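S.K.: Under this note's numbering, the first residue of the sequence shown carries the number 527, and numbering increases by one thereafter. Just so it is clear, CB atoms sit at the ideal spot from N, CA and C, and this is done for glycine as well. Bear in mind the structure is a predicted one, so any value in this text is a computation, not a measurement.
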Amino acid sequence: MENQNILCEIAEGVATVTVNRPASLNALNSQVLKELECTLYKLEQDPAVRVVILTGAGEKAFVAGADIKEMADMSSFEGHRFALQGQRVMLFMEKMTKPVIAAVNGYALGGGLELALACDVIYASDNAKLGFPEVTLGIIPGFGGTQNLSRLIGPNRAKELIYSGRMINAQKALAWGVVNEVVAQAELAAKALELAREIAKNGSLGVGYAKNAIVNGLNMTKEDGFRYESSLFGVLFATEDQKEGMGAFVEKRKAQFRGK
Ligand code: CO8
Numbered sequence: 527m528e529n530q531n532i533l534c535e536i537a538e539g540v541a542t543v544t545v546n547r548p549a550s551l552n553a554l555n556s557q558v559l560k561e562l563e564c565t566l567y568k569l570e571q572d573p574a575v576r577v578v579i580l581t582g583a584g585e586k587a588f589v590a591g592a593d594i595k596e597m598a599d600m601s602s603f604e605g606h607r608f609a610l611q612g613q614r615v616m617l618f619m620e621k622m623t624k625p626v627i628a629a630v631n632g633y634a635l636g637g638g639l640e641l642a643l644a645c646d647v648i649y650a651s652d653n654a655k656l657g658f659p660e661v662t663l664g665i666i667p668g669f670g671g672t673q674n675l676s677r678l679i680g681p682n683r684a685k686e687l688i689y690s691g692r693m694i695n696a697q698k699a700l701a702w703g704v705v706n707e708v709v710a711q712a713e714l715a716a717k718a719l720e721l722a723r724e725i726a727k728n729g730s731l732g733v734g735y736a737k738n739a740i741v742n743g744l745n746m747t748k749e750d751g752f753r754y755e756s757s758l759f760g761v762l763f764a765t766e767d768q769k770e771g772m773g774a775f776v777e778k779r780k781a782q783f784r785g786k
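(1) Per DSSP, alanine 587 is paired with what?
(2) If you measure from each residue's Cβ to the nearest non-hydrogen atom of the ligand CO8, which ones come out under 6 angstroms, in chain order?
(3) With a threshold of 16 other CB atoms inside 10 Å of the CB of phenylalanine 603, please say whether the residue is buried or exposed.
(4) Got a sec? Which residues, its chain only, sit under 7 angstroms from valine 626 by beta carbon, not counting five neighbours each side?
(5) Please report the distance separating the alpha-carbon of alanine 650 from that of methionine 693.
(6) Using the three-state DSSP reduction, which class does lysine 786 fall into: helix, strand or coil?
(7) Going by DSSP, which residues form a beta bridge with valine 545?
(8) Which parts of the stretch 589 to 623 are runs of the alpha helix (DSSP H), unbroken and 4 residues or longer, counting only runs that do not cross its ends?
(9) Could you have a look at glycine 657 and say whether DSSP puts it in helix, strand or coil?
(10) Between which two residues does the beta strand (DSSP E) holding methionine 693 run?
(11) Between which two residues does the beta strand (DSSP E) containing isoleucine 740 stretch?
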């Protein structure tokens, strides 16, 4: 079935995925989540794709949250099921071997901020506004936000944002370490693409293993993380990419990685 709410373009190893519901500020309903999950799953399998950029359609919003109109009449069971559906997408993004860059081009609220936090890198436009308004609606973040934000910026700032429901601007998000970089809105797509292309030139196995080591290592003791890192490091010596990368250095030429 054709996607109705998710656009996907692939060029030069970079897939750009756009949540395309601008009339609802790209709010995530269950259909959008389903299409997003299928799209990401296909991109993970596609050898032509090395990096994914995730953004929202229009100039106003990345994603203004989960769809409040869909959630308004949910039962407790349906709310739980909806949270699990969203969490499955966020967790899949962490498991993907390919990095995902969020290009946050406006509001990233609630489920929208959770979606950005599930990405590996967040670039934000200078007009972006970020926050977790859930408590103003009588709920809490349900797509992993309480967990990911507090791990990223520490519990105190996460509590301040989540308890107040307050929005912060892009500069404050940068100062707090929520986003990697803030750029003018007109330059956001180009900046995200520049980073994606730089990553895409590198050995995809190395990039994927680095992501694996960082994401999984965060849930381990430091010593276990070191052990895990050294195992992955060792495995890479059995790959063509390692031979090519080091061979190219010795021969003073550019490496041509094949992801093997
Ligand atoms: N859900 C549904 N529709 C939305 C949403 C949303 N989250 N955000 C905006 N829209 C719609 C508006 O209803 C409006 O539609 P219409 O024209 O039909 O009335 C359209 O988008 C444009 O929005 P506004 O007219 O409100 O635009 P403004 O510029 O005046 O305001 C804001 C922009 C400030 C972003 C405002 O739209 C707003 O506050 N939106 C809601 C933000 C929010 O509260 N997000 C959090 C939602 S809760 C959540 O994400 C929980 C995640 C975890 C779920 C766990 C599973 C249970």
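M.R.: If we stick to the structure as given:
(1) DSSP output for alanine 587 lists Tyr633 as bridge partner(s).
(2) Look at which beta carbons fall closer than 6 angstroms to any heavy atom of the ligand CO8; those residues are Ser550, Leu551, Ala553, Ala590, Gly591, Ala592, Asp593, Ile594, Lys595, Met597, Gly605, Phe608, Ala609, Gly612, Tyr633, Leu635, Gly636, Gly637, Pro659, Glu660, Leu663, Pro667, Gly668 and Phe669.
(3) Label assigned to phenylalanine 603: exposed.
(4) For valine 626, where only same-chain residues beyond five positions count, the Cβ hits under 7 angstroms are Val578, Leu580, Met619, Cys645 and Asp646.
(5) Answer to the nearest angstrom: the Cα atoms are 14 angstroms apart.
(6) Secondary structure of lysine 786 (DSSP, three-state): coil.
(7) Paired residues: Ile532 and Gly582.
(8) Complete alpha helix (DSSP H) runs here, min 4: 594 to 597 and 602 to 621.
(9) DSSP, reduced to helix, strand and coil, places glycine 657 within a strand of the structure shown.
(10) In the DSSP annotation of this structure, the continuous segment of the beta strand (DSSP E) that includes methionine 693 starts and ends at 693 to 695.
(11) Counting along the chain, isoleucine 740 falls outside any beta strand (DSSP E), though it belongs to the alpha helix (DSSP H) covering 730 to 743.
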